[in-house]
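Take a look at the structure set out below.
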Amino acid sequence: MTTTLTAWSIERYGAPEVLTRVTPPMPVPEPTEILIRIRASAITRADGMMRSGRPLFARPFLGLRRPRRNLLGTGLSGEVIAVGDKVTRFALGDAVFGEAGLRFGANASHICLDESGVLMKKPDALSHEDAAGMCDGPLTSYHFLHEIARVRPGQSILVLGGSGSLGSAAVQIASAAGLHVTATCSARNAGLVADLGADRVVDYTREDVIALPNQYDVIFDTIGISSYAVARARLTEDGRYICPVLTLGLLGAMLISRVVGRRRALFAAAGLQPPETLRRHLESLLVMVEAGTLAPLLDRVYPLADLIEAHRYMETGHKRGNVVVT
Ligand SMILES: NC(=O)c1ccc[n+]([C@@H]2O[C@H](COP(=O)([O-])OP(=O)(O)OC[C@H]3O[C@@H](n4cnc5c(N)ncnc54)[C@H](OP(=O)(O)O)[C@@H]3O)[C@@H](O)[C@H]2O)c1
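Counting in this note's numbering, the sequence shown runs from 66 upward without gaps.
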């Protein structure tokens with residue numbers, strides 16, 4: 066085995082060009098760790114936030130003047146090539162997927178992770194490319210729909226940004242849960258989003274869906290394009306505006322909606338839930354994959370060497386589902 070691994074590092078915040086290829090020593094697994102040869106890893110909007118240090122109010126977590134963590138990437142899929150002597154959940158040769166979480170460093174050739182983290186055996190039904198994106202869109206949307214909004218069959222949902230990583234998963238998860246799904250995207254993605262399970266697709270370039278006189282039990286603003294103040298009028302009496310993009314406006318809306326009326330604005334950091342909770346959600350998602358009700362949407366695949374290009378594309382704000390490097 067080689068003695069070094071290939072990874073990408075950031076010493077300062079900035080545009081994709083701040084990413085630098087590095088070759089740190091190959092880690093040796095601690096007793097409860099596994100060493101994974103990474104076959105595919107995801108490039109997400111959260112990675113863009115880590116790299117750019119934006120929005121600024123995230124800096125206390127990311128590092129005030131420079132990144133606290135130098136290596137990038139969380140979602141990954143690969144094979145176990147070494148195990149610590151106390152590992153019980155995995156064995157040499159297992160195909161696994163999951164996320165590195167706050168350890169980062171998934172955009173690399175290898176990584177050592179504790180077996181108690183968000184790691185699962187990869188079924189054959191999922192390619193490494195599809196599995197690498199499972200912890201971004203599918204896992205986050207599952208958490209928002211089932212834990213935060215607690216959706217029920219027969220409810221109606223509006224998904225803003227239905228063709229993105231979170232949106233494409235949300236449309237499938239909501240449809241499988243028996244909701245009536247309305248989703249927004251541009252015309253080029255309308256057919257795709259309808260195929261994912263949306264009952265109605267609204268082209269946001271032609272129509273302002275919030276101005277239309279419909280009511281929804283849940284509005285999932287996957288890209289933070291609207292606000293509780295605006296969307297509130299389209300919520301049922303006890304409807305939920307759920308949004309994964311934290312802003313000061315959303316924070317204020319969460320506080321106010323807790324004390325005024327029955328509608329709520331809600332945010333969560335899905336990746337910060339306990340690993341056992343996230344593994345349970347992944348198990349439910351794998352049941353959906355097995356049943357054919359969830360197929361992660363894969364957009365572009367880049368070689369790991371082209372990480373800068375992959376970041377540039379991710380930041381256009383128009384990717385369809387997931388972008389991965391292999
Ligand atoms: N809180 C959490 O736990 C958590 C976890 C993961 C991610 N996030 C956050 O969630 C956000 C969404 O991430 P993502 O990866 O799903 O985004 P994304 O994939 O970049 O979303 C892009 C999609 O949004 C659509 N879009 C762009 N402008 C639109 C508009 N005005 N109206 C409707 N759709 C529009 C695009 O469709 P067209 O190309 O058709 O325009 C594109 O398909 C990010 O900010 C990320 O940081 C939060």
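Just so you know, even glycine gets a beta-carbon here, dropped at the ideal spot from N, CA and C.
May I ask you to check if the CB of residue i is nearer than 7 Å to at least one heavy atom of ligand 1?
{"i": "alanine 196", "result": "no"}
{"i": "leucine 231", "result": "yes"}
{"i": "cysteine 250", "result": "yes"}
{"i": "tyrosine 269", "result": "yes"}
{"i": "asparagine 279", "result": "no"}
{"i": "histidine 245", "result": "no"}
{"i": "methionine 353", "result": "no"}
{"i": "alanine 334", "result": "yes"}
{"i": "serine 228", "result": "yes"}
{"i": "lysine 384", "result": "yes"}
{"i": "arginine 119", "result": "no"}
{"i": "alanine 80", "result": "no"}
{"i": "isoleucine 68", "result": "One point to set straight first is that residue 68 is threonine, not isoleucine, in the sequence displayed. No - ligand 1 has no heavy atom lying nearer than 7 Å to the Cβ of threonine 68."}
{"i": "valine 446", "result": "This structure cannot speak to residue 446, because the chain is shown only from 66 to 391."}
{"i": "threonine 153", "result": "no"}
{"i": "threonine 205", "result": "yes"}
{"i": "arginine 110", "result": "yes"}
{"i": "threonine 114", "result": "The residue you asked about is not threonine; residue 114 is methionine in the sequence shown. Yes, the Cβ of methionine 114 comes within 7 Å of a heavy atom of ligand 1."}
{"i": "leucine 225", "result": "yes"}
{"i": "glycine 143", "result": "no"}
Hey, how far is the Cα of residue i from the Cα of residue j?
{"i": "alanine 241", "j": "phenylalanine 285", "result": "16 Å"}
{"i": "leucine 100", "j": "methionine 114", "result": "27 Å"}
{"i": "alanine 263", "j": "leucine 244", "result": "10 Å"}
{"i": "threonine 301", "j": "threonine 249", "result": "19 Å"}
{"i": "alanine 214", "j": "arginine 327", "result": "13 Å"}
{"i": "glycine 149", "j": "proline 92", "result": "12 Å"}
{"i": "phenylalanine 122", "j": "glycine 138", "result": "21 Å"}
{"i": "glycine 336", "j": "alanine 111", "result": "11 Å"}
{"i": "lysine 384", "j": "serine 106", "result": "16 Å"}
{"i": "glycine 158", "j": "leucine 315", "result": "45 Å"}
{"i": "proline 188", "j": "glutamate 98", "result": "21 Å"}
{"i": "asparagine 135", "j": "arginine 124", "result": "14 Å"}
{"i": "threonine 85", "j": "proline 203", "result": "29 Å"}
{"i": "threonine 397", "j": "glycine 317", "result": "Residue 397 is absent from the structure shown; the chain starts at 66 and stops at 391."}
{"i": "threonine 342", "j": "arginine 297", "result": "30 Å"}
{"i": "valine 168", "j": "leucine 277", "result": "Note on residue identity: the sequence assigns arginine, not valine, to residue 168. So the alpha carbons of these two residues sit roughly 44 Å apart."}
{"i": "phenylalanine 155", "j": "valine 388", "result": "27 Å"}
Among the candidates the options, whose CA atom is the shortest distance from the CA of residue i?
{"i": "glutamate 76", "options": "Ala111, Leu127 and Met91", "result": "Leu127"}
{"i": "glutamine 220", "options": "Gly229, Leu231 and Ile238", "result": "Ile238"}
{"i": "alanine 173", "options": "Ala259, Gly202, Tyr367 and Leu225", "result": "Tyr367"}
{"i": "leucine 210", "options": "Asp282, Gly166 and Glu180", "result": "Asp282"}
{"i": "valine 274", "options": "Ala255, Ala252 and Leu223", "result": "Leu223"}
{"i": "isoleucine 103", "options": "Pro81, Arg130, His383 and Leu178", "result": "Leu178"}
{"i": "leucine 257", "options": "Val354, Gly232 and His208", "result": "Gly232"}
{"i": "alanine 360", "options": "Gly317, Glu194, Glu144 and Arg119", "result": "Glu194"}
{"i": "serine 117", "options": "Ala375, Ile290, Ala234 and Pro81", "result": "Pro81"}
{"i": "threonine 270", "options": "Ser251, Leu261, Pro278 and Ala259", "result": "Ser251"}
{"i": "isoleucine 373", "options": "Asp201, Trp73, Arg299 and Ser142", "result": "Trp73"}
{"i": "glutamate 95", "options": "Lys151, Val352 and Phe162", "result": "Lys151"}
{"i": "alanine 196", "options": "Glu212, Leu347, Thr71 and Thr69", "result": "Leu347"}
With residue i as the anchor, note down where its beta strand (DSSP E) starts and where it stops.
{"i": "methionine 185", "result": "184-186"}
{"i": "histidine 175", "result": "175-179"}
{"i": "alanine 330", "result": "329-331"}
What first and last residue would you give for the alpha helix (DSSP H) that runs through residue i?
{"i": "tyrosine 293", "result": "293-296"}
{"i": "leucine 313", "result": "313-324"}
{"i": "valine 352", "result": "340-356"}
{"i": "aspartate 195", "result": "193-197"}
{"i": "arginine 377", "result": "372-379"}
{"i": "serine 206", "result": "202-207"}
Cβ of residue i within 7 Å of any heavy atom in ligand 3?
{"i": "isoleucine 288", "result": "With respect to small molecules bound, the structure shown includes ligand 1 and not ligand 3."}
Within the region 235-284, ranges of the alpha helix (DSSP H) (whole runs, at least 4 residues): 255-261
Those runs of the beta strand (DSSP E) which lie wholly inside the region 76-125 and span at least 3 residues: 85-87 and 98-108
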